[in-house]
Every structure is written in structure tokens, then in C-alpha cells.
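Input: a single structure, listed below in C-alpha cells.
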Amino acid sequence: MNTLDLARWQFAITTVYHFLFVPITIGMSAIVAYFHTRWVVKRDPEMLRLAKFFGKLFTINFALGLVTGIVQEFQFGMNWSAYSRFVGDIFGAPLAFEALLAFFLESTFLGLWIFGWGRLPEKLHAMTIWIVHIGTVLSAYFILSANSFMQNPVGWRYNPQKNRAELTDFMAVLTNKVQLVTFPHVITASYMVGGAVIMGVALYQQMRSKDPDRGMYRKATRIGAIVTLVGGLGVAVTGDAQGKIMTDVQPMKMAAAEALYDTQNRCAAFSIFTVGTPDGQSQKFAVKVPCVLSFLATGSVNGKVDGINDLKRTLPGQLQAQAKADGIPEQYVSPDQLTPTIWMTYWNFRFMIGAGMAAAFFAALTLWATRKGRTPTSRWWTPLAVVTPLLTVFGQSFGWIFTEVGRQPWLVYGVITTSSGVSPSSTTGQVLFSMIGFTLLYAVLAVIEVKLFLDYTRKGAEPFEEPRMVESDDELQFAY
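Numbers in my numbering are just positions in the sequence shown, counted from 1, shifted up by 1.
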């Protein structure tokens, strides 16, 4: 593999690894905030115990997400300096807002929540965890607005004197039509992940705990399952809207997602399973559902969906004409090919949908099994408690792999190719060394994360102890 391939592999590894923690952070913070609020409003001791229990698991996850997120941003300077120089004026703006506003909001108020028991007034203390959740959502919004610019560049112009793209309309970047469908899709998926984690942990504890605590864990199990189902419904609705926007701005991605080689003028079928030739030029076998693809792509069963082969002929001219109108040098917009890796795009799209549907089904099954005070006793519920959260986490990862692979060969669609964005001074050996180092480090962090998470899960919720205001005569001192 050359430097470009290794740089892409390294960014993929660090990004996918980092995003394992992001949706858990977003989803769990909301549910922990709900538990805490229920304690303050209803004085329900079980809600306080659940808030503290799941708050510990949330904090473990937040810490790992923080570390991996910082490392991810280093790569823009390490391996993608040409890209950073070309679009840094645009891409850096939402990232700066994310770091200076959202991240500091999260970290500051999480610290207040962790150390505020008995030190802050109850209502104010409960508010801090809600602010943490708001910070996670804002963080996601700014990050997704940067990524949406890569999918559909808006609010910019090319400066030929400085040979770089410049931001002209920040609000256009924040209200990009891709952003407006991507953000709710990711957030509802994150609620689905958070709900599944709560459901899985509580279901495990419900089956192993003594009688006094089973009712508490049953409540948490059902709350997690409900959030998972509601989040899954939101994912389905927003995903449908996202598919139509994707067809409009990136028709090749939709064609690759369905392995659709020839244009269908009406009633395009959705392929459940497809086998193509090794070169990705044609289809050998497929299992299809008539007219579904037309509806997903256009909103009409009679809608036209362009195929890969026709887009290969028409898309280059359209992109070249747009690049010429924008004044972009040809060196940035001359890809070797216009098709992404078909099999990877196709299967990740299906893995994403399949994982989400399976998780929603297991959540519904859990609600049924815990109805009217019932507690599941069969041994097969234990693997289900483990599998359901993993399905939601991996489903989000499959979705991001599909999103990023399907955009190839572009870093910013129609503006700069991936091969043009890699650092010119980076060598194959340097990238390989750093990739191996980061991968090994992440493996160690994964072991630590899993061990901590499992240890605190097995311990369960601590006995109820009502928080009391700390009384101290010590003066607050600052060290400089």
C-alpha cells in the first residue's frame, strides 16, 4: 500500500474507534439526566441509585471518547495537511465552535455533576447533567456540519491568489441541507444506542439481582427498551429523508448503495442481496423488492434512479463544468475513477439497516418479556443483553463507513479529491509507524474500557443514601 492508502486506513481506524463512544455518550447522558430529574421531582430512591450507577458507566465512556477524539484531530496536520490547507478556512470554523463551546460545556458541567453531590443545590445539580447532554448534542451538530460540507460544499468560494477555499457564509454551512437531515439521523441513532446500553446492563442486572432490586432494574430495562424503539423509529424516518437528499447531491453514492448498474426510469427495485463481477462492472445475481428503491430515492414508486454505468458517462462532465465555473484548478478535481468501492458501500448500507432493525426487534421483545412485572429467566436473555447494545453501536459504525466510502474518490465532493489532500511530505514508513502505534494504543485503551465497564456493571447500583449538603469551614484556596 502507498502513503495515501495507509493515511486513509489510519483515519478510518481512529475515526471508527472514536465513534464507538460518541453515540453512547449522547444517548446515555440524556437517560442519566432523566433518572436524576426523577429523583429530584419524585424523590424516588431507585431513580437516584440508577442515576449514580449509570452515571459511572457514562463517565467511563466519556473519558475514552475524549482521549480518542483529540488524537483524531491530530491527523489533519499529520497526514492530511494539503486538505487542511485547502479547506481549513471552512472546515476549521465548526471544529473551533465544537471545541470552544460544546466540548468545554460538556467537560465543565460533567465535572460539576460528578463532584456536585451534596455541594450544589439539588435542582441546580440536576441541571448540570442536562447541560452536559446539551453540550454533547451541540458538539455533534458542529462536527456534522463540517462533515456535511464535505458531502455537499456550500457557503464558500475559491481564492486563486491564495490557492485555497474560503468561507463566505457560515450560516450556509450550519444549515446545509445535508446537515439538516444528517443531524437528526445521528442523534436519534445515538438515543437508540444509549437506550440499548441502559437496557442491556439493566436486563443483565435484573436477572442476577436479589428480589429487592429486580423491580428497579426492570424499570431501567423498560426505559432503555422504550428509548431504543423510539430512537429506532426516528432513525427510520430521518434515514428516509437522508436517502432522498443523498440521491440529489451524490447520485453515485445511492447507485453504489444499491449496486444499481443500469438506470431505472421507473419502479427501481431494492436489492436485498446482490452478487457482482469482481471488477464491479455488472451484476450477476440479485434478490430484489420491486419499486422500493424508487420510493427511497425519490419519494415516488415511479421515480427515476440513475445507475452506475450511466453516471460514469455523465457525472464527470457535470463535475468538471462546476469546478471550472468555481475556478478550481484541474489538479484538485481529476479523479482516476468516479466509483467508490461498490461491495463495501453496498454491504455496509445493509449491515447498518439490519443491525438497527435487529436491535429494535430485541427491544420490543424485551418490553414484551418484562410486561406486568415479569422478569426474564431463560439463559438466552444474557447474550441478548450483550448483543443488543453491540448491534446499535456497530450499526452506527457501518453507517459512517458507508457515508465516507460512498463519497469516494472525493474528500470534498466535486471540489478536491482524496488523493489531492494527503500530506506531500508524509512517507509510507512514517504513516505506517504512526498507524501501528495508534492501533496498539487503542487496543490497550479498549481493554481498559471494557474491564472498567464490566467491573462497574457487575457491582451494580450502590445502596440508597440520600445526598446531604457538605458542611465545611475550610476556606476555598487556589494554588497558582
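Just so you know, even glycine gets a beta-carbon here, dropped at the ideal spot from N, CA and C.
| said: With DSSP as the reference, identify every bridge partner of asparagine 160, one or two as the case may be. | reply: Arg165
| query | What distance in whole Å lies between the Cβ atoms of phenylalanine 439 and glutamine 11, which are believed to be in contact at a cut-off of 8 Å? | reply | 7 Å
| field | Residue closest to glycine 195, alpha-carbon to alpha-carbon, out of Asp170, Ala361 and Leu121 | value | Ala361
| Leaving out the 5 sequence neighbours to the left and right, which residues in its chain are closer than 8 Å to serine 295 when beta-carbon positions are compared? | Gln265, Arg267, Cys268, Ala269, Ser301, Val302, Asn303, Gly304, Lys305 and Val306
| Where threonine 15 and isoleucine 309 are concerned, what is the direct C-alpha to C-alpha distance, given to the nearest angstrom? | 30 Å
| query | Should serine 146 and valine 182 be called a contact, given that it needs their Cβ atoms to be closer than 7 Å? | reply | no
| field | Burial state of alanine 97, where buried means 16 or more other Cβ atoms lie within 10 Å | value | exposed
| field | Expected contact under 8 Å - CB spacing of glycine 28 and tyrosine 192 to nearest Å | value | 5 Å
| task | Report yes if the C-beta distance between leucine 51 and alanine 322 is below 7 Å; otherwise report no. | result | no
| task | Assign isoleucine 199 to one of three DSSP states: helix, strand, or coil. | result | helix
| request: Just mark tryptophan 157 as buried or exposed, buried being the case when its beta carbon has 16 or more other beta carbons within 10 Å. | output: buried
| request: Tell me whether glutamate 467 is buried or exposed, calling it buried when 16 or more other Cβ atoms sit within 10 Å of its Cβ. | output: exposed
| What is the residue span of the alpha helix (DSSP H) that valine 138 lies within? | 123 to 152
| said: Here's the rule: buried if 16 or more other CB atoms are within 10 angstroms of the residue's CB, otherwise exposed. What is glutamine 338? | reply: exposed
| message | Taking contact to mean 3 or more Cβ pairs, one atom from each stretch, closer than 8 Å, check whether the stretch 136 to 146 and the stretch 386 to 402 are in contact. | response | no
| query | Which of helix, strand or coil does DSSP assign to phenylalanine 171? | reply | helix
| query | Do you know offhand how far asparagine 3's Cα is from proline 341's? | reply | 18 Å
| field | Same chain, Cβ closer than 6 Å to methionine 151, neighbours up to 5 away in sequence not counted | value | Val413
| What residue from Met436, Lys325, Ala447 and Glu450 has the CA that sits closest to aspartate 6's CA? | Met436
| request: Since I believe glycine 225 is in contact with alanine 190 (beta carbons under 8 Å), could you give me their beta-carbon distance rounded to a whole number of angstroms? | output: Wrong, their Cβ atoms sit about 15 Å apart, outside the cutoff.
| query | Per the contact definition of three or more C-beta pairs closer than 8 Å, is the stretch 449 to 466 in contact with the stretch 107 to 115? | reply | no
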